[in-house]
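Presented below is the structure to which this report refers.
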Amino acid sequence: MTEAPVLYEADGAVAVVTLNRPEVLNALTPELLGGLRAAATRAAEEGKRALLLTGAGRGFSAGQDLASIQDGYAGGRAPDLGGLLRETYHPLLAELRALPMPLITAVNGVAAGAGMALALAGDIRLAADTARFATAFTKIGLVPDAGLAYVLPRLIGAGRASALLITGDTVDAQTALAWGMVDRVFPAGSFAADARAFAATVAAGATRAYVLTRELLDRSWELPYAALLGLEAELQQQAGATADHRGAIAAFLEKRSATFEGR
Ligand code: LHQ
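1244 is the number of the first residue of the sequence shown in the working numbering; add one for each residue after it.
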């Protein structure tokens, strides 16, 4: 029996989701992307409070499975890459961006092309010290996709993003950390455990406030200042109505530590 291309494991309040085609560095097929979408839906349905996304084997993801699209080039035809993006990648990315819990990506090895885009789609991005990031697109004559042209300049700045996306150079974990592409780097030997421990800490926090924070940050790129202030008031009203907020205020006033329930 062939193994599922995406594995789902409930680890307490954390959904651990693993891209599982290690023999091809977790290259992305429609089946895998569909499995990832199903895992995201399941995590939400099960009320998980963090989704930890990682890869099986020595890679995170080598991006689009190039073998799986080779038929599209037969007879000198142009493959329908736009359709592939619209039908498989974009619905997934939209679902990940709307997850009712933080998305933590744990980049255990190489992340290339759309695999790099997926790696950087997390609210918080962790990397093993052996991880590397390859934009890869221009090396095969393509433009960045899977949202990378949105995310990368916002993380590392327009100049670095432009240079990186045009040269297709590879960035190691330490450089990714220094540039703000990832937030934490852990030793490869303990990476899986360190990433889980980190995710467990996030999952014990104020989940609703985290998700509202993501919304506020996302919208901040497109809103004028006055409109952003309007939105923050609206979202703070929502955050202030959560049980977690009420409990944290009580805990503070009673000089004890707060416990969050994610609601
Ligand atoms: C692969 C792949 C792969 C299939 C390694 N596919 N088998 C485009 C189109 C439309 C919509 C969506 O988005 C996109 C954007 C993209 O994602 S385009 C970019 C696609 N990715 C790449 O161009 C990267 C291709 N891979 C590589 O350059 C290298 O494999 C990297 C640098 C990632 C890793 O190098 P190594 O560590 O030396 O590993 P390897 O090359 O030996 O790969 C291991 C195996 O994985 C190997 O198979 P084999 O049977 O020889 O052991 C590769 O053929 C296979 N593999 N990437 N994308």
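Even glycine gets a Cβ: it sits at the ideal position worked out from N, Cα and C.
Since the model is a prediction, treat every value here as computed from it, not as a measurement.
Helix, strand or coil at residue i [DSSP, three-state]
i     : result
V1386 : coil
R1301 : coil
T1410 : helix
R1397 : helix
R1499 : coil
A1341 : coil
R1368 : strand
L1271 : strand
L1391 : helix
L1466 : coil
L1328 : helix
Continuous beta strand (DSSP E) stretch holding residue i: start and end
i     : result
R1427 : 1427-1429
D1314 : Element bounds for D1314: n/a, residue is neither H nor E.
V1267 : Premise fails: V1267 is in no beta strand (DSSP E) and is neither H nor E.
F1376 : 1375-1377
A1258 : 1257-1262
T1348 : 1346-1350
A1355 : 1353-1355
Proximity of residue i and residue j at Cβ, strictly below 8 Å
i     : j     : result
T1418 : R1292 : no
G1352 : G1315 : no
L1271 : V1249 : no
L1328 : A1283 : no
L1391 : L1363 : yes
A1447 : F1503 : yes
A1247 : N1263 : yes
Host alpha helix (DSSP H) of residue i (start-end)
i     : result
T1418 : 1416-1422
Y1251 : Y1251 -> not in any alpha helix (DSSP H); beta strand (DSSP E) instead, spanning 1249-1254.
T1456 : 1450-1463
A1484 : Here A1484 belongs to no alpha helix (DSSP H), and DSSP marks it neither H nor E.
A1438 : 1434-1446
Legend entry - Segment contact flag, the region 1293-1311 with the region 1348-1362, C-beta cutoff 8 Å, min 3 pairs: yes
Legend entry - Pocket of the ligand LHQ defined by Cβ to heavy atom distance under 7 Å: E1266, V1267, L1268, A1270, L1271, G1302, A1305, G1306, Q1307, D1308, L1309, A1310, I1312, L1324, L1327, L1328, Y1332, V1353, A1355, G1356, A1357, G1358, A1377, A1379, F1380, K1382, I1383, L1385, D1388, A1389
Legend entry - the region 1375-1391 contacting the region 1449-1469, beta-carbon criterion three pairs below 8 Å: no
Inset, instruction - Report yes or no: do the region 1336-1350 and the region 1422-1441 share at least 3 C-beta pairs separated by less than 8 Å? - result: yes
Inset, instruction - Specify whether the region 1315-1326 and the region 1468-1484 touch according to this definition: at least 3 beta carbon pairs, one from each stretch, less than 8 Å apart. - result: no
Inset, instruction - Mind the definition here: the region 1360-1379 touches the region 1425-1436 only if three or more C-beta pairs lie below 8 Å; say whether that holds. - result: yes
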